[in-house]
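Down below is the structure, laid out as structure tokens.
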Amino acid sequence: DYIAGPTLFPGQVIAGYNAPNDAYTAETWAKYILDKAKSFDAAKSCCSFSAINSGSTGGRFWFGYVFRASAAPDDFER
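For what it's worth, this note's numbering labels the leading residue of the sequence shown as 6, then goes sequentially.
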């Protein structure tokens, strides 16, 4: 239940991804985002989560971000 805080988002984002919630499981989405992160030489960390998009009426979506900065627990917020 954590999301990237201001030390990572948005200033350290290399790439962002989303997909319908029913297209992946938590494990397959996390692997997809990790594979995307590995494709960037500058990537130091990534995160993935499921959430309701602000203003959306379509339910939950998967979101994932690749960051150019290393991440520590304090870089995430509840």
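Note that CB positions come from ideal geometry on N, CA and C, so glycine has one too.
| Query | Result |
| --- | --- |
| F72 versus P11 - alpha carbon distance | 12 angstroms |
| Residue from D40, E82, A35, A48 whose Cα sits closest to the Cα of S55 | A35 |
| Beta-carbon contacts of A47 that lie in its chain and below 7 angstroms, excluding the five residues immediately before and after | I19, R73 |
| Close beta carbons around F81, own chain, < 7 angstroms, minus the five adjacent residues each side | Y7, I8, A9, G10 |
| Where I38 falls, given that 16 or more other Cβ within 10 Å makes a residue buried | buried |
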